[in-house]
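Chemist: In my numbering, the protein residues as written are 146 to 241.
We treat Cβ as the ideally placed atom computed from N, Cα and C, and that holds for glycine.
First the structure, then my questions, so here it is.
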């Protein structure tokens, strides 16, 4: 197995408007990262490639809210993901 495969990391976040901040719902490297990516593809969840952000997020525990110092970086990724999905701020408000 290549070191690139073993070093591959992935993090899945979930944001619910009333939760205060996004939380880590999956995190891992190697096979676990591949499973996270495959599941995202299966459900057509946009995948952002942000290695520096992932390195910070993999240090968090599962179900942990992201810390305030990562809000801006995560907000940019979530904004991008919503745009890729064709969602607007109005759509997100209507869901809640």
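1) Rounded to whole angstroms, how far is the Cβ of residue 153 from the Cβ of residue 208, which I believe are closer than 8 Å?
2) With a Cβ-Cβ cutoff of 7 Å, do residue 170 and residue 159 count as a contact?
3) Between the C-alpha atoms of residue 193 and residue 163, what's the straight-line distance to the nearest angstrom?
4) For residue 156, write down the residues that DSSP places opposite it in a beta bridge.
5) Taking only beta-carbon positions, decide if residue 225 is within less than 7 Å of chain B.
6) Reducing DSSP to helix, strand and coil, say where residue 210 ends up.
7) Taking all protein chains shown into account, decide if residue 156 is buried (16 or more other Cβ within 10 angstroms of its Cβ) or exposed.
Modeler: A quick look at the data gives this:
1) Contact flag wrong, Cβ pair sits at about 23 Å.
2) yes
3) 24 Å
4) In the DSSP output, where bridge partners are listed per residue, residue 156 has 172.
5) Structure shown: chain B not included; a single protein chain is present.
6) In the structure shown, residue 210 sits in a strand (DSSP, three-state: E or B).
7) By the 10 Å Cβ count, residue 156 comes out buried.
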